[in-house]
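I have placed the structure first, in the form of structure tokens, so that the comments after it can refer back to it.
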């Protein structure tokens, strides 16, 4: 019996310091729990507020030329809004978890979370650059296609795609560099690839583009020297000019509709029949 009483006393003596430490630690524990509860509410409010701001901005942008040019490629969908809201929610929670670990005395965890929190603005800036690059690339593509179509340049869609790709690559390199990812090797690789592409493009243009350029220049001068409805003769054939294209002249002959390269009007003798202009 004495042994049992002695054993109980020893347990009490050993447990009292642990119990006292727990009692002393309770304010910190309750404080951290209260802070996390407040953080949860603040994160929810931030999530709802940011989503509403994005929806409002989307409505404003829908009435601007930028949104009309990028639609339907960049629509604010419900899954995208849900993902954005969750990112905002957990980013706010992360801030409060960092403060809670400080209160609990978990200094190693708090130090690691502090590094993550300090990195968030840099990561956010890189993400904004990438998103802006996507928007700008679509706008550049549409402007390039419109300009090329207006100038009568063939393969306008290809030129627009190339302009969009160049803009995206530039935004990607800048965004990754902002985030802190080493992009020297990527930049060198892109520069080498761009040089090789431009070199091959210049070679192809030099070998196969001379005819196109000569027709383009010829069409410019032919349009000044001749008019639609005018009758012309070259060799033993003659016809009436129906229309001018950026690289050719369309004639109506006895055999039917004839398309002549515009450079032909500069390379071969062309007889302009005065007084035989036809009106449609």
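Numbering (the numbering used here), first residue to last: 1151 to 1430. Glycine included, C-beta positions come from ideal geometry on N, C-alpha and C. Small disclaimer: the values here were computed from a predicted structure and weren't measured.
Exercise for review: In the DSSP assignment, find the unbroken beta strand (DSSP E) run with residue 1382 in it and report its ends.
Suggested key: Sequence index remark: in the chain shown, residue 1382 carries index 232 (1-based). Start and end: 1381-1384.
Practice item. Compare the C-alpha of residue 1415 against each of 1281, 1364, 1284 and 1195 and name the closest. Key: Your numbering for residue 1415 matches position 265 in the chain shown. Nearest of 1281, 1364, 1284 and 1195 to residue 1415, Cα basis: 1364.
Practice item. Run the CB neighbour count on residue 1183, radius 10 Å, all protein chains shown included, and call it buried at 16 or more, exposed below. Key: Working through the chain shown from its first residue, we reach residue 1183 at position 33. Looking at its Cβ environment, which holds fewer than 16 other Cβ atoms inside 10 Å, residue 1183 is exposed.
Practice item. Whole angstroms is fine: what's the gap from residue 1201's alpha carbon to residue 1256's? Key: Reading the chain shown from its first residue, position 51 is the one you call residue 1201. Reading the chain shown from its first residue, position 106 is the one you call residue 1256. In a straight line, the C-alpha of residue 1201 is about 33 Å away from that of residue 1256.
Check your understanding: When the Cα atoms are used, what is the spatial distance from residue 1391 to residue 1406?
Key -> Taking the first residue of the chain shown as position 1, residue 1391 is located at position 241. Taking the first residue of the chain shown as position 1, residue 1406 is located at position 256. Straight-line Cα distance between these residues: approximately 12 Å.
Review point. Under three-state DSSP, which class holds residue 1366?
Key: Counted from its first residue, the chain shown places residue 1366 at position 216. In the structure shown, residue 1366 sits in a helix (DSSP, three-state: H, G or I).
Check your understanding: CA-CA distance, residue 1389 and residue 1366?
Key -> On the chain shown, residue 1389 is found 239 positions in, with the first residue counted as 1. On the chain shown, residue 1366 is found 216 positions in, with the first residue counted as 1. Residue 1389 and residue 1366: Cα-Cα distance of roughly 21 Å.
**Study point:** Whether residue 1242 touches residue 1189 by CB criterion (9 Å)
**Key:** For this step, residue 1242 is matched to residue 92 along the chain shown. For this step, residue 1189 is matched to residue 39 along the chain shown. The answer is yes: Cβ separation under 9 Å.
Practice item. Would you mind listing the alpha helix (DSSP H) stretches within the region 1237-1309 that are 4+ residues and don't spill past its ends, in chain order? Key: 1257-1301
Review point. Excluding the five sequence neighbours on either side, which residues of its own chain have a C-beta within less than 8 Å of the C-beta of residue 1398, listed in chain order?
Key: Position 248 of the chain shown holds residue 1398. Taken in chain order, the residues that qualify are 1365, 1369, 1409, 1410, 1411 and 1412.
Exercise for review: Check whether the Cβ atoms of residue 1193 and residue 1239 sit closer than 9 Å, and answer yes or no.
Suggested key: Taking the chain shown and counting its residues from 1, the one referred to as residue 1193 is at position 43. Taking the chain shown and counting its residues from 1, the one referred to as residue 1239 is at position 89. In this structure, residue 1193 lies near residue 1239, with their beta-carbon atoms less than 9 Å apart.
Point to revise | Residues near residue 1290 by beta carbon distance below 7 Å, same chain, minus five either side | key: One-based indexing of the chain shown puts residue 1290 at position 140. Answer for residue 1290: 1313, 1314 and 1317, listed in chain order.
Review point. Terminal residues of the continuous alpha helix (DSSP H) containing residue 1416?
Key: In the chain shown, the residue the question calls residue 1416 occupies position 266. Unbroken alpha helix (DSSP H) run through residue 1416: 1414-1417.
Check your understanding: Does DSSP put residue 1411 in a helix, in a strand, or in coil?
Key -> Looking up residue 1411 in the chain shown gives position 261. Residue state, collapsed to three classes: strand.
Check your understanding: Pick from 1418, 1231 and 1185: whose alpha carbon is nearest that of residue 1207?
Key -> As a working note, residue 1207 is residue 57 in the chain shown. Residue 1207 has its Cα closest to that of 1231, out of 1418, 1231 and 1185.
Exercise for review: Have a look at residue 1386 and residue 1395 and give me their C-alpha separation to the nearest angstrom.
Suggested key: Locating residue 1386 in the chain shown gives position 236, counting from the first residue. Locating residue 1395 in the chain shown gives position 245, counting from the first residue. Distance between the alpha carbons of residue 1386 and residue 1395 is about 24 Å.
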